[in-house]
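Asks: Using my numbering, you'd call the opening residue of the sequence shown number 1164 and step up by one each time.
Built from N, CA and C at the ideal position, the CB exists for glycine as well.
Being a predicted model, the structure only gives us computed values, none of them experimental.
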Amino acid sequence: MILNKDVRPDRKIYYIGSLIIEKLMVNPGQSVDYLSIYEGLRKEENITSEIFFLTLDWLFLLGAIKLEEGVVSKCF
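This is the structure:
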């Protein structure tokens, strides 16, 4: 059996991505400013801006979100 040695799974982009999608699910059909999402996550999870923007890029590449003029909206 292979054990995961990751001691900080809360710093992974898939976890942060789930939090971003959760924030987008609160307001269905509406776009949300990415800075307001970042501020909310920073207060709750104390994440860095680098991890946040890397996660936004990852979600965009997956096709889960759209980024247009500073606002984020979900694609599903």
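Since serine 1181 is in the beta strand (DSSP E), which residue starts that stretch and which ends it?
Replies: Careful: serine 1181 lies outside any beta strand (DSSP E), inside the alpha helix (DSSP H) at 1176 to 1189.
Asks: Taking 9 Å as the threshold (C-beta atoms), are leucine 1198 and isoleucine 1179 in contact?
Replies: no
Asks: Taking its Cβ as the centre, do 16 or more other Cβ atoms sit within 10 Å of tyrosine 1177, making it buried, or is it exposed?
Replies: exposed
Asks: Can you tell me where the alpha helix (DSSP H) with glutamate 1232 in it begins and where it stops?
Replies: Premise fails: glutamate 1232 is in no alpha helix (DSSP H) and is neither H nor E.
Asks: I'd like to confirm the pairing. Which residues does DSSP put opposite aspartate 1196 in its beta bridges?
Replies: Val1234
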